[in-house]
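Letter by letter, the sequence shown follows residues 7 to 284 of the numbering used here. No residue lacks a Cβ here, since even glycine has one placed at the ideal position from N, Cα and C.
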Amino acid sequence: MAIPKSELGPETFSLANRVAIVTGGASGIGRATCLALSAAGAAVVVADLNADGARKVAGELEARGGRAHAQQVDLGDEASIAAMVEAAVRVFGGLDILHNNAADSDPALMAADGAIVDLTTEVWDRNMRINLRGPMLGCKYAIPHMIRRGGGSIINTSSASGLTGDVIRAAYAASKAGLGSLTQNVAVQYGKQGIRCNAVAPGVIATPALEANVPKAAVEVYVENTLTPRLGRPEDIAAVVVFLASDAASFVTGQILSVDGGLLAHHTAMAGIKRLSG
Ligand SMILES: NC(=O)c1ccc[n+]([C@@H]2O[C@H](COP(=O)([O-])OP(=O)(O)OC[C@H]3O[C@@H](n4cnc5c(N)ncnc54)[C@H](O)[C@@H]3O)[C@@H](O)[C@H]2O)c1
């Protein structure tokens, strides 16, 4: 097969004339991604359970000259997910980018997600329903529209927790690990039709969810185990999502990209050994 010639230019990184959906767009990483995709030229459907929050972010995008539509969605509800995809097509004429970003970060759910022996099936099922089944349904409804446009890019928000074991949050972690498999399966099944599917695996990112769910002392431990001088910001994830959505990443698919300041790149004993050597 002949490989089409191309040159890198500003348009390689541009998302002009693309249509994107971001779930969890009202807060944290999702909000930052909405702003970044819009700044790169995409029309953005800000989708969230929090309808007021989605409207507020859509308003921010419009105030900056972007095209935006706020859509309430419940990732636990299949009809609501189908309606979210239909809204993108109805309002903006098609769909090119899906950022499956939202997860259920309700503090009560997070607190109840502990060691396996203590885990209830309700906690397990809710994590799977929102964090894994929701993104799968997003793919199911988005892919046919993307294929109609000649392809598209799906970016799932996984987590460092989905790549390791931990003493807490086994259900959350397993749901995020499942997203890695969903990512690879979508990439394999629809790659020849122009669909790329990748995941970003954030490390510790300063968002409202982090403040609500992780005690300050634990955050200090994460800082010690991060190779960069600071923790992550939502914009660090948004920048990688924009790259993965753009033609600059047209040969990148089926990958789980850690964006974690090196949290998982070092020996597990690093922080302790550093302390020993003063
Ligand atoms: N913050 C971190 O340190 C971190 C680390 C690793 C992975 N992540 C992942 O990044 C993603 C975004 O996290 P964040 O920190 O920005 O969280 P956040 O709590 O700031 O935002 C999550 C958004 O998802 C929405 N949401 C929750 N349940 C929903 C549902 N059923 N349907 C639709 N929307 C729903 C919330 O209303 C909220 O606006 C999540 O998938 C999370 O697991 C975050």
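So which of the options has the shortest CA-CA distance to residue i?
i	options	result
L115	F249, G238 and A176	A176
M142	K182, S111, S167 and I174	K182
G268	W130, G238, N191 and S283	G238
F102	E84, I27 and E230	The question names Phe, yet the displayed sequence has Asp at residue 102. Looking at the Cα atoms, I27 is the closest of the given residues.
L188	I211, N162 and Q199	N162
A46	S20, G71, K62 and G144	S20
G99	A49, T127 and D58	A49
A180	V129, Q195 and A223	V129
P240	V227, D58 and V265	V265
R202	G144, G168 and Q190	Q190
I122	Y178, A245 and L233	Y178
A244	S44, L14 and H151	S44
A118	R132, E84 and A109	R132
M276	L263, I262 and L233	L233
D83	H105, P16, Y147 and A94	Y147
Y228	R135, G209, V25 and G72	G209
C40	E92, E13, A166 and G65	G65
A251	R61, E17 and E13	E17
N219	G260, Q195, I174 and P235	I174
R5	E217, K222 and A212	There is simply no residue 5 to check, as the chain begins at 7 and stops at 284 in what is shown.
M90	K62, G59 and G140	G140
E92	L270, A223, E226 and H151	H151
L138	N107, T127 and G120	N107
G15	D253, L125, N23 and V63	D253
A166	G278, I9 and I262	I262
DSSP three-state call for residue i: helix, strand or coil?
i	result
R202	strand
L263	strand
A193	helix
D80	coil
A48	coil
G238	strand
P208	strand
G158	strand
A26	strand
I243	helix
N107	coil
T127	helix
D54	strand
T18	helix
V39	The question names Val, but residue 39 is Thr in the sequence shown. If DSSP states are grouped into helix, strand and coil, T39 belongs with the helices.
I122	helix
V248	helix
L188	helix
Taking a contact to mean a Cβ-Cβ separation below 7 angstroms, would you say residue i touches residue j in this structure?
i	j	result
A255	G34	no
S164	L185	yes
L67	A74	yes
V51	Q78	no
G157	G197	no
A42	V248	yes
V246	V206	yes
A53	T29	yes
G144	L104	yes
V25	A94	yes
D110	I136	yes
A32	G72	no
Name the DSSP bridge partner or partners of residue i?
i	result
G59	DSSP output for G59 lists no bridge partner at all.
H75	V51
T163	V206
Hey, is residue i close to ligand 3, as in C-beta under 6 angstroms from one of its heavy atoms?
i	result
L237	For the structure depicted, ligand 3 is absent and the ligand set comprises only ligand 1.
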